[in-house]
Structures are given as C-alpha cells and as structure tokens.
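Per our numbering, the sequence shown starts with residue 239, numbered consecutively.
Every residue gets a Cβ at the ideal spot worked out from N, C-alpha and C, and that includes glycine.
One structure is given below, encoded as structure tokens.
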Amino acid sequence: MGYSLCTILVPMYISEVAPLNLRGGLGTVNQLAVTIGLLLSQILGLEEILGTEKSWPLLLGLTICPSVLQLALLPFCPESPRFLLITRQREEESRAALRRLRNSVNVEDDISMLQLITSWSLRLPLIIAIVMQLSQQLSGINAVFYYSMTIFKASGLTEESARYANLGVGAAMVIMTIISIPLMDRAGRRTLHLYGLGGMFIFSIFITISLLVKIMVQGMKYLSVISVLGYVVFFAVGPGSIPWLISAELFSQGPRPAAMSIATLVNWFSNGVVGLVFLHMHTAFDDYTFLPFTFFLGLFWIFTYKKVPETKNKTFDEIAAIFRPEGANNINSLHGAGKSHTARENSSLIVPLADYSNRS
C-alpha cells in the first residue's frame, strides 16, 4: 500500500514542482532511484552476502534505512505550489513555495474520477495514460526481472553464470537510466518511448530465437544474455520512466490526482497479471514464451506513433489544449516539442496568483 501511494505521489509531485525545461530529466530520476534499489537488492541477495536462509530477515529489514532517510529529508521538501493555491487556497504559502521552485500555477477545481471518464477533453489523455502504463508492464519487463534466472538457465547457463548475468541486467538498467536523464528534455518523451518499444520488440524476437536454437547452435546462451541486456537497455530508454512522466504531464492540476490514481491501478494490476501468468505461459508456450510480449510491443509502438503527443518543453496549459475539442483534430501535428521560453513560463507562474489576489 505504501509503495502504491509512492508510485502515485512521487511522479505527480515532481511534475508539479520541476521547472519546465527540467521536468523530463527530473522525472527520470524517480525511475533511476527504483533501478538503483533493484540493483542493490540483487547484490545484497547473493548467497555470498545476505541471500541465505538465516540472513534473509536482515535483508528484508534493511528496507527501513531508506525509509528513515526519506522521512528525515521530507520536511525540507516544499509543498507543491499548485496544491497550496488550488486545493488549500493558501496564497502566501504558495508564493513562498514558488520563490523556491519557480513553478507555474493554474487555478482550477478538483475533478472527480467520474468527470475524468465522462469528459471528452479528459477521456483521450486518460486512455493514453492507461495505454502508456500497459506498455510498461505488458512489455514483459517484469517477466525478465522475476524470472531472468529461469530464462538464463533455460538457455544453457550454469547457476552461477545465470546469477551474475542477472546482476548485469540490473547494472545495465541503472546505467541506461542515468544516460536517459539528459536525453529526456532533448530528444523528447515520445521519441524515446518509440525507440524503447522498437528496441524491445527486436530483442524480444532475439530472445525467442536464442531459446529455440539453444540446443542446435552452440553459443546461443550468449545471444540470450546479450538479448536480455539489450531488452533491458531499451526498456530504460523508454518504457521504464516515460509512462509515469507522461501520465502526470497530460493533465492539469484538477484532474491529475484522479488520473494518476487510475494509471497506477492499471500499472499494478497488469504487473500482477504478468507475474501470475508468466510461469503458466512458459509451461504452455515453452520457447515461444516471449512472442505475446512481442505482439504487445508492436501494438504499443503503433499506438504511441499515432496517438501520443510530444510533451517536451510544453506547459501544462499547452498540453491540455491539445485535447480540447478545438485542438483534438491537431494532435497529429503536435508531435514536435514546444519551444522553451522563460518568459512564457514566468508569465504563467505570475498571472494566476495575481488574479487570485485580485479576487480575494
């Protein structure tokens, strides 16, 4: 439950407080922290360290350390200016937070989940957010993380070799997530997501080939390792962090909490489905286990190319305008990024506060 709340609140908070020109990179830092945690858990879980019958309670208890650190640092994190002004109507506190963060504020009412589903201008971005979350989980990445040891051993690696290959997967994930941070605000979210899905599509085919011919062709176990590493690298480039980032960017302040709740529900539900059915898929399809993921990756690539707009260097107002009735027909022409103008961002920051002050 606690982690589910974090997956909703952290991307939403980052999107609200980050400057426009850094929103993509800072949003990726969240995924970087997740990948570092995964790698550390893999390392500490080795039998030579804490992965034994006697030591696993200590391994489990170590998770309290980052929690304590986060609680200690939380008082230094300013509240979201948007939340203070719109939800709490605390103008002065919002101004103080803005002076620290220089973020923009858009005054509007909260929106319920029912309104989110029934409003045309919100329904399309909600569908995009849901499909983006599905593209992360139905890509098969958690099948790799949950059962990579099984995959490596099925391709012919020994127990020890499979264990260290598994560590390589975690390390590759961390490295590529770091590399993707500056790219997020340069190449753009949509472009990186297309590259990520396309790369995963290709390497999922290679994984299937390596499993099919592992007996007939010597050395296929190495192709399996390389394919899984490539698969993870392209996941880090696109589907690893971008679904959370775009899901928060597609909505303005009012509908964002409800939209993020729905997106998170879809993400965790599909995560659970993959975790539950993968072993049954492996039993039923054997060496063809990854073909369903290949099919989904192809569908998600087409959907992203056709329907997902580029959000790089666009304010929340500009993104929301794409989905209004007068802008919905122009979605295909808005795949390019908006130009970053400091004056534009500062004006959107100051005017709502001034209007709010005049009304009070």
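Quiz item: Any chance the region 466–475 sits against the region 365–383, with 3 or more Cβ pairs inside 8 angstroms?
Solution: Touching, yes, given that three or more Cβ pairs across the two stretches are closer than 8 angstroms.
Quiz item: Taking the continuous alpha helix (DSSP H) assigned at arginine 401, which residues delimit it?
Solution: Unbroken alpha helix (DSSP H) run through arginine 401: 397–422.
Practice problem: Would you mind sorting histidine 431 into buried or exposed? The rule is 16 or more other CB atoms within 10 Å of its CB. | Solution: A residue is called buried once 16 or more other Cβ atoms fall within 10 Å of its Cβ, and histidine 431 is buried on that count.
Quiz item: Going straight from the alpha carbon of serine 442 to that of glycine 468, what length do you get?
Solution: One C-alpha to the other measures close to 9 angstroms.
Quiz item: Helix, strand or coil: which one does DSSP assign to lysine 550?
Solution: If DSSP states are grouped into helix, strand and coil, lysine 550 belongs with coil.
Quiz item: Would you report the Cα separation of leucine 529 and methionine 370, rounded to the nearest angstrom?
Solution: C-alpha separation (whole angstroms): 20 angstroms.
Quiz item: Sorted by chain position, which residues of the same chain lie with C-beta nearer than 6 angstroms to histidine 579's C-beta, five sequence neighbours on each side aside?
Solution: For histidine 579, the pLDDT reaches just 43, beneath the cut-off of 50, and the residue's location in the model is therefore unreliable, leaving the point undetermined.
Exercise. Compute the beta-carbon to beta-carbon distance between serine 485 and alanine 367, rounded to the nearest angstrom, for a pair I have assumed lies under 8 angstroms.
Key: With a beta-carbon spacing of about 4 angstroms, serine 485 and alanine 367 fall inside the 8 angstroms limit used to define contacts.
Quiz item: Residue ranges of each alpha helix (DSSP H) run of no fewer than 4 residues wholly in the region 349–391, ordered along the chain?
Solution: 351–356 and 358–375, all fully within the region 349–391.
Quiz item: Between the region 262–271 and the region 414–426, do at least 3 Cβ pairs fall closer than 8 angstroms?
Solution: A contact exists between the region 262–271 and the region 414–426.
Quiz item: Does the beta-carbon of lysine 459 have 16 or more other beta-carbons within 10 angstroms, so that it is buried, or is it exposed?
Solution: Burial is judged here by how many other beta carbons sit within 10 angstroms of a residue's own beta carbon; lysine 459 has at least 16 and is buried.
Quiz item: Helix, strand or coil: how does DSSP classify glutamine 300 here?
Solution: According to the sequence as given, residue 300 is leucine; it is not glutamine. Leucine 300: coil per DSSP, three-state reduction.
Self-check item: As assigned by DSSP and simplified to three states, the class of valine 455
Solution: Valine 455 falls in the coil class under three-state DSSP.
Quiz item: Between the region 444–457 and the region 386–397, do three or more beta carbon pairs fall short of 8 angstroms?
Solution: Flag = yes, the region 444–457 and the region 386–397 touch.
Quiz item: Is it true that the CB of glycine 408 sits closer than 8 angstroms to the CB of glutamine 269?
Solution: No, these two residues do not count as a Cβ contact at 8 angstroms.
Practice problem: Pull up the distance between the alpha-carbon of threonine 527 and that of leucine 517, whole angstroms please. | Solution: The alpha-carbon separation between threonine 527 and leucine 517 amounts to approximately 9 angstroms.
Quiz item: So, using beta-carbon positions, are glycine 536 and phenylalanine 439 closer together than 8 angstroms?
Solution: Cβ distance < 8 angstroms, so glycine 536 and phenylalanine 439 count as in contact.
Self-check item: First through last residue of the alpha helix (DSSP H) which encompasses glutamate 286
Solution: Run containing glutamate 286: none; DSSP gives neither H nor E here.
Quiz item: Quick one: what does DSSP say glycine 478 is sitting in, helix, strand or coil?
Solution: Glycine 478 falls in the coil class under three-state DSSP.
Practice problem: Can you tell me which of the three DSSP states proline 257 falls into? | Solution: Residue state for proline 257 is assigned as coil, using DSSP reduced to three classes.
Quiz item: Within 10 angstroms of its Cβ, does isoleucine 365 collect 16 or more other Cβ (buried), or is it exposed?
Solution: Burial check for isoleucine 365: the Cβ neighbour count within 10 Å stays below 16, so the residue is exposed.
Exercise. Please state whether DSSP places glutamate 487 in a helix, a strand or coil.
Key: It is helical.
Quiz item: glutamate 556 by DSSP, collapsed to three states: which one?
Solution: Residue state, collapsed to three classes: helix.
Practice problem: Find out if the Cβ-Cβ distance for the pair isoleucine 557, leucine 488 is shorter than 8 angstroms. | Solution: In this structure, leucine 488 lies closer than 8 angstroms to isoleucine 557 by Cβ.
Quiz item: Where does threonine 290 fall in DSSP's three states?
Solution: DSSP places threonine 290 in coil when its eight states are reduced to three.
Practice problem: Please confirm whether serine 479 and threonine 415 have their CB atoms less than 8 angstroms apart. | Solution: Note that the C-beta distance between serine 479 and threonine 415 is below 8 angstroms.
Quiz prompt | Best match in Ala496, Ile445, Ile540 and Ile560 for proximity to aspartate 602 [C-alpha to C-alpha] | solution = Residue numbering for the chain in the displayed model covers 239 to 598; residue 602 lies beyond these limits and cannot be assessed.
Quiz item: Sorted by chain position, which residues of the same chain lie with C-beta nearer than 6 angstroms to glycine 437's C-beta, five sequence neighbours on each side aside?
Solution: Contacts found: Phe472.
Practice problem: Determine, using beta carbons only, whether leucine 435 and phenylalanine 538 come nearer to each other than 8 angstroms. | Solution: Yes, Cβ-Cβ distance for leucine 435 and phenylalanine 538 is below 8 angstroms.
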